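**Q**
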């Protein structure tokens, strides 16, 4: 799937050279690369003009109405739940968090912007008092995505869309340009909620994708699309073959722009009188020729004119002047330039100090983000999207970054298929496990569900083991849960097979048990070591959805999982856990 153009005989290892990423020595080299991407990505095929082509929003607001009845003022509470974390040592953003005494939650304004955070207490909630203690307000056009509570620091992540800029220009902040999506990081000292202080604020020219907190550090994942204009020069033709004039006249319906050309049609025979055989290559030399103002021309697609409007995102904030977020030594790119210009960045902030530390970026997208306590894995199914054109196989790229001092790029790997969500990945004993689905249930070739194990070797994530053939024909993965050296995986088309998988030998993952029930689980949650809770949809025998289904599985006998009980809800019900 790679075109190679060289000016001398060259031996190339595609696996080695095209898979690994490289960084840049200078800004000039980095900008030249991005410009080349812009040129190649929009290059038309066969002289056809290029095609001209938000942030997810949580829609549910909520109101706190009750709390644990044993809450006892300043003593704090111990029986409250917190944010549902995939990994116990990796915190995830939420719209409600607490510190066992105070409860912080996102509020929504009358114009539907999520632009303030309310603070209540368990003591007030236990007494059925709904009034808030304090409110942290943000600009009217702000949408809070999520926030963290870390060591008496409140870390708020919010976004501003170019479409949400203030109508009154006097409201514009000097630190925000509003010409592209903005991601904002604001850190507050909430040790005294009666005297909340803003510690720092940072704005990034990028779209917020995800985030994680490990220890005292925030890792913000964002994407940026360089802005550029590509045009092509016209080359006028001095001579045009009659057959091409016939082709152009036919393709424009006889209505060429501003034509004064006289055309002799006295010897032409209408298609009704004589049926001519179809000749697919008859006009091949005429493709791309256009006619206007009495002249014939072609666009020269080999000499694109690329004007880069904005190549890189910028960052600025407290005690930080505006500068490029992406630096040459920290931007990693593939040798293959025929791809999207999207830049994905991981930015590191110290929460206690309220400071921006550094950013590492790569050319490529991210569709799924997973973090272990050791590394961050970003999965993209956009490059290279179709690797095996003949068999219509999709392929995903996996980028690995370390949570070390330098936020270093570690390795890249690829697997067939696409991952459903973050729970499709897990790291255990330095082995990455990922479950994927190839194809579609309605496709001619059906689907293929697999579980890969990968290990980092020489900057590559190499496949250690593979388990394929999970699910029946046309089934796709609906839920995955990794628990140590075991995995639980659900596939579905009409019924729900729950598979139990032994991963004790990463080189030979093995299916050891399965259970078939009606419906499917879209989310799996461990209940101790011996039970698994599934939340999804109940279905009839033909796979038609009937409503939310909660099912409790017994996994104490790993080879023979069983269903202990179910709760089903009425038709057309749905849960966000799905």
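Numbering (the numbering used here), first residue to last: 221 to 798.
Glycine included, each C-beta is placed from N, C-alpha and C at the ideal position.
Computed from a predicted structure; not experimentally measured.
Note down the Cα distance separating residue 723 from residue 587, rounded to an integer number of angstroms.
**A** Just so you know, the alpha carbons of residue 723 and residue 587 end up roughly 25 Å apart.
**Q** Ignoring anything shorter than 3 residues or poking outside the stretch 721-795, list the beta strand (DSSP E) runs there in chain order.
**A** 730-738, 740-747, 751-759, 765-774, 782-788
**Q** Are the beta-carbon atoms of residue 712 and residue 698 separated by less than 8 Å?
**A** Yes. Within cutoff.
**Q** As a quick exercise: from 630, 708, 751, pick the residue whose alpha carbon is nearest that of residue 242.
**A** 630
**Q** Drop a sphere of 10 angstroms on the beta-carbon of residue 483, count the other beta-carbons inside from all chains shown, and report buried for 16 or more, exposed for fewer.
**A** Interpretation of residue 483 is limited by its pLDDT of 41, a score under 50 that renders its predicted location unreliable; the figure taken from the coordinates is listed afterwards. With fewer than 16 other CB atoms across the displayed protein chains lying within 10 angstroms of its CB, residue 483 is exposed.
**Q** Evaluate residue 620 with the Cβ neighbour count: other Cβ atoms within 10 Å of its Cβ, from every protein chain shown; 16 or more gives buried, anything less gives exposed.
**A** By the 10 Å Cβ count, residue 620 comes out buried.
**Q** Following the continuous alpha helix (DSSP H) through residue 561, name the residue where it begins and the one where it ends.
**A** Taken as a continuous stretch (DSSP letters only), residue 561 belongs to no alpha helix (DSSP H), as it is neither H nor E.
**Q** When DSSP labels each residue in this structure, what does residue 544 get in the three-state scheme?
**A** strand
**Q** Considering only DSSP beta bridges, list what residue 707 is partnered with.
**A** Note: residue 707 sits in a beta bridge opposite 702, 721.
**Q** How should residue 624 be labelled, buried or exposed, when 16 other C-beta atoms within 10 angstroms of its C-beta is the threshold for buried?
**A** exposed
**Q** Got a sec, what are the start and stop residues for the alpha helix (DSSP H) residue 261 sits in?
**A** 247-261
**Q** For residue 346, which three-state DSSP category applies?
**A** In the structure shown, residue 346 sits in a helix (DSSP, three-state: H, G or I).
**Q** Measuring straight from C-alpha to C-alpha, what distance separates residue 528 and residue 449?
**A** 6 Å
**Q** What do you reckon, are the CB atoms on residue 341 and residue 362 nearer than 8 Å?
**A** For the pair residue 341 and residue 362, the CB atoms are not nearer than the 8 Å cut-off.
**Q** Quick one: what's got a C-beta closer than 7 Å to residue 780's C-beta in the same chain, skipping five residues either side?
**A** 733
**Q** Quick check: what's the CA-CA separation for residue 776 versus residue 312?
**A** 29 Å
**Q** With a 10 Å radius around its C-beta and 16 neighbouring C-beta atoms as the bar for buried, classify residue 455 as buried or exposed.
**A** exposed
**Q** To the nearest whole angstrom, what separates the beta carbons of residue 601 and residue 560, a pair I think is in contact under 8 Å?
**A** The Cβ separation is near 12 Å, so there is no contact.
**Q** Check whether the stretch 641-661 and the stretch 675-693 are in contact - that is, three or more C-beta pairs closer than 8 Å.
**A** yes
**Q** As a quick exercise: from 356, 360, 338, pick the residue whose alpha carbon is nearest that of residue 350.
**A** 338
**Q** CB-CB under 7 Å to residue 786, same chain, minus the five flanking residues each way: which ones, in chain order?
**A** 769, 770, 771
**Q** Closest to residue 509 by C-alpha separation, out of 526, 447, 353, 457, would be which residue?
**A** Taking only the C-alpha atoms, the option nearest residue 509 is 457.
**Q** Which partner residues does residue 447 have in the DSSP bridge list?
**A** Its beta-bridge partners are 530.
**Q** Which of the three DSSP states is assigned to residue 643 in this structure?
**A** Residue 643: helix per DSSP, three-state reduction.
**Q** Would you kindly work out how many angstroms separate the C-alpha atoms of residue 353 and residue 441, rounded to a whole number?
**A** 32 Å
**Q** What is the residue span of the beta strand (DSSP E) that residue 402 lies within?
**A** 402-409
**Q** With 16 as the cutoff for other CB atoms within 10 Å, does residue 318 come out buried or exposed?
**A** buried
**Q** Spell out a yes or no on whether the stretch 512-532 and the stretch 403-415 are touching, meaning 3 or more CB-CB pairs, one atom from each, closer than 8 Å.
**A** Cβ pair count under 8 Å is below three, so no.
**Q** Are the CB atoms of residue 562 and residue 581 within a distance shorter than 8 Å?
**A** No, the pair does not count as a contact, with Cβ atoms beyond the cut-off.
**Q** Quick one: residues in its chain with C-beta nearer than 7 Å to the C-beta of residue 593, no 5 flanking neighbours on either side, listed in chain order?
**A** Counting only Cβ-Cβ distances below 7 Å, and skipping sequence neighbours, we find 307, 309, 310, 434.
**Q** Which of helix, strand or coil does DSSP assign to residue 510?
**A** strand
**Q** Relative to the C-alpha of residue 753, which residue among 773, 737, 369 is closest?
**A** 773
**Q** Which class does residue 519 belong to by DSSP, given the choice of helix, strand or coil?
**A** strand
**Q** Buried or exposed, going by whether 16 or more other CB atoms sit within 10 Å of the CB of residue 640?
**A** buried
**Q** Kindly list the residues whose CB is nearer than 6 Å to the CB of residue 406, restricted to its own chain and excluding five residues on each side of it in sequence; keep chain order.
**A** 376, 421
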